Amino acid sequence: MSDNSTEQSCPSGHSCSSCGGKCSDEKRRLHENLLGVKHILLVMSGKGGVGKSTVATNLAMSLALQGFATGLLDVDLHGPSVPKMLGIEGSQLMTDGEKLLPVETANLKVMSIGLSLSSPDQAVIWRGPVKYSVIQQFLADVAWGELDYLVIDAPPGTGDEPLSVCQLLPQADGAVVVTTPQQLAATDVSKSLSFLKQVNYRVIGIIENMSGFACPHCGEVTQIFSQGAGEDLAAKYGVPFLGRIPIDPQVCAAGDSGKPFVYSFGKSATAKAFAQIVDAIVNRG
Ligand code: ADP
Numbered sequence: 197m198s199d200n201s202t203e204q205s206c207p208s209g210h211s212c213s214s215c216g217g218k219c220s221d222e223k224r225r226l227h228e229n230l231l232g233v234k235h236i237l238l239v240m241s242g243k244g245g246v247g248k249s250t251v252a253t254n255l256a257m258s259l260a261l262q263g264f265a266t267g268l269l270d271v272d273l274h275g276p277s278v279p280k281m282l283g284i285e286g287s288q289l290m291t292d293g294e295k296l297l298p299v300e301t302a303n304l305k306v307m308s309i310g311l312s313l314s315s316p317d318q319a320v321i322w323r324g325p326v327k328y329s330v331i332q333q334f335l336a337d338v339a340w341g342e343l344d345y346l347v348i349d350a351p352p353g354t355g356d357e358p359l360s361v362c363q364l365l366p367q368a369d370g371a372v373v374v375t376t377p378q379q380l381a382a383t384d385v386s387k388s389l390s391f392l393k394q395v396n397y398r399v400i401g402i403i404e405n406m407s408g409f410a411c412p413h414c415g416e417v418t419q420i421f422s423q424g425a426g427e428d429l430a431a432k433y434g435v436p437f438l439g440r441i442p443i444d445p446q447v448c449a450a451g452d453s454g455k456p457f458v459y460s461f462g463k464s465a466t467a468k469a470f471a472q473i474v475d476a477i478v479n480r481g
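Numbering (the working numbering), first residue to last: 197 to 481.
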């Protein structure tokens, strides 16, 4: 045994790029717990309000609707909005005696700190090390089981939560970065891209949300802001551009009503935009 008694050979047999095959007990537990998860996607943005949680939730739901076994982990610890968007606020968290069970809704397995708060108004006041350990528990102690995709919704910015995910999940497929078309948002989002570069995390691609306005009557998309910031960022950083999602009043109404948009309006042009982005992610080279 080494000097550090928590270090053991990784029994999963995986080569663990973060520890070179030597895992602490916690990392080993996390690794074993996620052995059945084929793909992990981190969704992040440089700025709040660009629709990152909306995109993460609808991406996860689109994947589930396409028949992929999908999980959605909300690591926005201070502002968890996934339970509200999925209409599962107040769900009772259960265990199987050993692990915490994700809440299942419409074929999607979901975990969020919001599910354990006594009321939606309750504030979470934690510093970095606590956040790291909570995220570690979400990954190691939730019964995710066999999944094709685990989508992780991180809070805006480049703080403790996305950093913890990057450190805990070096084996993930990478990050999807959400921006809006305006240059101001793109400037903040470029910070996310340089963060990902610094922590050596793969960028799956950029999504431009709120890109034009989809008419609720005819579905035609009108450009109401400048366009192209997402595509420009993708070109600048040499990463894929995954597609655009328009502002669609039904997206907002669906989020507020707790029924994800792609679930309720699967045939709309905006839902097709989500589906095309999912295809771009699933079929990427
Ligand atoms: P973030 O996670 O980036 O802070 P949210 O996903 O919470 O942002 O979205 C902020 C608000 O914008 C929500 O009310 C949401 O319903 C709305 N929204 C997000 N994307 C769209 C869209 N494409 N069309 C209309 N409303 C949207």
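Even for Gly, the Cβ is constructed at its ideal location relative to N, Cα and C. These figures come from a predicted structure and were not determined experimentally.
Quick check on the burial criterion: 16 or more other C-beta atoms within 10 angstroms. Buried or exposed for residue i?
i, result
"H274", "exposed"
"N405", "buried"
"D221", "exposed"
"D452", "exposed"
"K305", "buried"
"R567", "Because the chain is modelled from 197 through 481, residue 567 falls outside the range shown and cannot be assessed."
"S249", "buried"
"P445", "exposed"
"K243", "buried"
"A247", "Note on residue identity: the sequence assigns Gly, not Ala, to residue 247. G247 is buried by the Cβ-count criterion."
"S205", "Here the model assigns S205 a pLDDT of 44, short of 50, so the residue's position is not dependable, and the following value carries that caveat. When all chains shown are included, S205 counts as exposed."
"P176", "No information on residue 176 is available, as it lies outside the stretch 197 to 481 that the chain covers here."
"P412", "exposed"
"G245", "exposed"
"P377", "buried"
"A319", "exposed"
"D292", "exposed"
"S277", "buried"
"T418", "exposed"
"G209", "The predicted position of G209 is uncertain, since its pLDDT is 44 and thus under 50; a value taken from the coordinates is nonetheless stated next. With fewer than 16 other Cβ atoms within 10 Å, it is exposed."
"K463", "exposed"
"K223", "buried"
"N200", "Low confidence applies here, because N200 scores a pLDDT of 39, under 50, leaving its location unreliable; read the following figure in that light. It counts as exposed."
"P207", "Low local confidence applies: a pLDDT of 43 at P207 is under 50, so the model's placement there is unreliable, with the coordinate-based value given in what follows. Classification of P207: exposed, given that the 10 Å Cβ count is below 16."
"P366", "exposed"
For a quick check, are the C-beta atoms of residue i and residue j less than 7 angstroms apart?
i, j, result
"A425", "Q472", "no"
"V458", "I348", "no"
"M307", "V330", "no"
"A450", "S460", "yes"
"L429", "A382", "yes"
"G283", "G415", "no"
"Q394", "L364", "no"
"S312", "V299", "no"
"A410", "T354", "no"
Using 8 angstroms for Cβ pairs, my map puts residue i next to residue j. What's the rounded Cβ distance?
i, j, result
"G434", "I420", "Between I420 and G434 the Cβ distance is about 29 angstroms, and since that is not below 8 angstroms, they are no contact."
"K234", "D344", "5 angstroms"
"M290", "T253", "The Cβ separation is near 22 angstroms, so there is no contact."
"L230", "L335", "6 angstroms"
"L255", "F470", "7 angstroms"
"D356", "Y328", "7 angstroms"
"G310", "E285", "7 angstroms"
With a cut-off of 8 angstroms, do at least 3 Cβ pairs link the stretch 233–244 to the stretch 366–382?
yes
Contact between the stretch 431–446 and the stretch 401–411 is defined here as three or more beta-carbon pairs at a separation below 8 angstroms; is this criterion met?
yes
Runs of alpha helix (DSSP H) lying entirely within the stretch 275–363, each at least 4 residues, in chain order
278–281, 324–336
Specify whether the stretch 256–276 and the stretch 381–395 touch according to this definition: at least 3 beta carbon pairs, one from each stretch, less than 8 angstroms apart.
no
Does the stretch 324–336 come close enough to the stretch 346–364 to have 3 or more Cβ pairs within less than 8 angstroms?
yes
Which runs of the beta strand (DSSP E) fall wholly inside the stretch 376–427 and span at least 3 residues, in chain order?
399–410
At what residue ranges does the stretch 239–265 contain a whole run of the alpha helix (DSSP H), taking only runs of 4 or more?
248–261
Output the residue ranges of the alpha helix (DSSP H) runs that lie fully inside the stretch 423–478 and measure 4 residues or longer, sorted by chain position.
425–433, 445–453, 457–460, 465–478
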